[in-house]
Structures are given as C-alpha cells and as structure tokens.
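Below is one structure, written out as structure tokens; comments come after it.
Below, the structure is given as structure tokens:
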C-alpha cells in the first residue's frame with residue numbers, strides 16, 4: 001500500500017485526484033503502478049485502477065490478469081469493479097472507503113454480484129487514515 005500511496009502523491013502535480021494503484025503478480029512482483037489520469041488524458045475511464053490494469057495487461061501480453069492483486073488507495077467505483085471482474089483479478093486491497101461512490105462495500109457490492117462468473121476477494125481499510133488524508137488535503141486545497 002505504501003507504494004500505491006507514493007503513486008497517489010504524484011497525481012496532484014498534474015491536477016489529478018490523488019489515487020494510486022498497483023497490480024501485483026502471484027510472486028509479489030509489481031507489474032504496474034499508476035495514478036488517476038482522467039484530466040490529463042481527457043479520458044473518463046482513466047482511473048488509477050484502470051490505468052494499472054492496462055499497464056499490467058501490456059506487461060503480460062494478456063487482458064486476463066489471473067492470480068494478480070490490485071492494491072489501490074481508494075475503494076473502487078462501479079466502473080472499476082466491472083473491469084476488475086473482467087480482468088479476472090484474484091483480489092483487491094484498498095485503503096480508504098468511498099462513502100459516495102465506493103462499489104466494493106460502501107455503496108454497492110459490485111464484486112459480490114451473484115451473476116458474475118468470477119469471484120474476487122477483497123479487503124479494505126489498509127492504511128485508511130493516510131489514504132483518506134491525501135484525498136481530504138487535496139480537496140481542501142482545491143476549494
């Protein structure tokens with residue numbers, strides 16, 4: 001999580017919300033480390049999670065990231081949970097809960113829907129105070 005937090009800290013330099021994400025393979029190797037980039041790329045899908053999955057897919061030469069784990073500083077949204085399931089990630093570890101748009105546990109259980117043909121384990125609250133503080137400080141400065 002510390003490396004995801006370090007990546008999140010890079011985002012405000014580009015005017016992006018500080019969210020960082022990693023994809024880690026089953027051996028523990030980091031395949032990708034990204035941060036939010038929707039403003040920079042003019043792409044509403046360029047969340048840190050999506051960017052990390054894209055980068056890891058390029059490294060592996062496959063859109064399926066079987067056995068890999070996503071580590072992200074903020075609870076993924078509905079768009080990201082859909083991509084997580086389609087990428088066949090094994091698990092998701094996140095920092096701060098997102099009480100407005102979190103789709104893992106806070107507002108919706110997007111990874112636990114019964115019709116998914118793939119199950120993804122998940123755990124939240126890892127380094128949550130530090131992850132939440134990054135976001136709170138960013139939004140306080142931007143207002």
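In full-length UniProt numbering, the protein residues as written are 1 to 143.
Don't be surprised by glycine CBs; every beta carbon is placed ideally from N, CA and C.
Residue 21 and residue 66 look like a contact to me (Cβ under 8 Å); what is the Cβ gap, rounded to whole Å?
-> So it is not a contact: roughly 18 Å between Cβ atoms.
Would you list the residues sitting across from residue 89 in a DSSP beta bridge?
-> Checking the DSSP bridge columns, you'll see residue 89 has no partner listed.
Start-end ranges of the beta strand (DSSP E) lying completely within the segment 19 to 82, minimum 3 residues | 20 to 24, 30 to 35 and 69 to 74
Helix, strand or coil for residue 96, going by three-state DSSP, please let me know.
-> strand
Could you name the residues that DSSP lists as bridge partners for residue 122?
-> 92
Count the other C-beta atoms from every protein chain shown that fall within 10 angstroms of the C-beta of residue 95, then say buried if there are 16 or more, exposed otherwise.
-> buried
Helix, strand or coil for residue 131, going by three-state DSSP, please let me know.
-> helix
What separation, rounded to the nearest whole angstrom, lies between the Cα atoms of residue 100 and residue 92?
-> Looking at the two C-alpha atoms, the distance is approximately 19 Å.
Whole-angstrom distance between residue 80 and residue 47, CA atom to CA atom = When rounded, the separation of the alpha-carbon atoms in residue 47 and residue 80 is 8 Å.
Among 59, 16 and 70, the one whose alpha carbon lies nearest that of residue 4 = 70
Is residue 84 near residue 111, with beta carbons less than 8 Å apart?
-> yes
Under 6 Å Cβ to Cβ from residue 134, same chain only, skipping five residues before and after it: list those, please.
-> 8 and 18
State the CB to CB distance for the pair residue 24 and residue 68, rounded to an integer number of angstroms; the pair is presumed to be in contact (CB under 8 Å).
-> 6 Å
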